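**Student:**
In the working numbering, the protein residues as written are 346 to 508.
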């Protein structure tokens with residue numbers, strides 16, 4: 346166990362070094378936008394919450410968003426802005442999405458509709474982050490999202506300024 350922990354710590358230190366190099370290489374610019382893929386129309390959470398992974402990268406300046414994990418990782422201490430739009434076709438259903446910083450839920454937005462048309466949730470927040478902090482979106486248990494080639498579901502963020 347100790348060997349594994351040391352290995353993970355080494356990988357994290359290397360990842361932090363890579364982030365700093367990329368941050369300086371891009372002139373301190375950090376911005377991303379990514380959309381859910383549309384190989385299926387619905388993303389469905391089981392009984393427990395589902396980490397949303399936006400695999401369709403639109404912009405990823407600084408390589409700060411991982412399309413493998415769904416996590417944005419702050420390369421430097423600073424103030425960042427995040428925005429997301431998600432959709433579902435509601436017919437007497439609710440739709441919820443949560444934004445997390447590390448393990449702390451920052452916001453949970455919900456919508457209820459009975460008209461059987463596409464409904465959207467849009468959220469935005471400004472966060473002060475430490476280098477290495479991460480931000481991601483999660484779909485609460487038994488919830489779903491709708492997406493197609495029009496990219497109804499997008500997650501974006503950018504650095505406002507360093508501290």
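Glycine included, each C-beta is placed from N, C-alpha and C at the ideal position. Values in this document were obtained by computation on a predicted structure and should not be read as measured data.
Does the separation of the CB atoms of residue 432 and residue 412 fall below 8 angstroms?
**Tutor:** Cβ distance not < 8 angstroms, so residue 432 and residue 412 don't count as in contact.
**Student:** What is the residue span of the beta strand (DSSP E) that residue 462 lies within?
**Tutor:** 462 to 474
**Student:** Considering only DSSP beta bridges, list what residue 453 is partnered with.
**Tutor:** 443
**Student:** Pick out whichever of 424, 479, 415, 380 has its Cα sitting closest to the Cα of residue 397.
**Tutor:** That would be 415, whose Cα lies nearest to the Cα of residue 397.
**Student:** If you check the beta carbons only, do residue 444 and residue 417 fall under 8 angstroms apart?
**Tutor:** In this structure, residue 444 keeps its C-beta atom at 8 angstroms or more from the C-beta atom of residue 417.
**Student:** Going by other Cβ atoms of all chains shown within 10 Å of its Cβ, with 16 needed for buried, is residue 578 buried or exposed?
**Tutor:** A query on residue 578 cannot be resolved here, the shown segment of the chain reaching from 346 to 508 and no further.
**Student:** Roughly how many angstroms lie between the CA atoms of residue 489 and residue 504, to the nearest whole one?
**Tutor:** 30 angstroms
**Student:** Taking the C-alpha atoms as reference points, what is the distance between residue 462 and residue 441?
**Tutor:** 16 angstroms
**Student:** Would you report the Cα separation of residue 466 and residue 407, rounded to the nearest angstrom?
**Tutor:** In this structure, the alpha-carbon of residue 466 lies about 27 angstroms from that of residue 407.
**Student:** Residue 419 and residue 477 look like a contact to me (Cβ under 8 angstroms); what is the Cβ gap, rounded to whole Å?
**Tutor:** 7 angstroms
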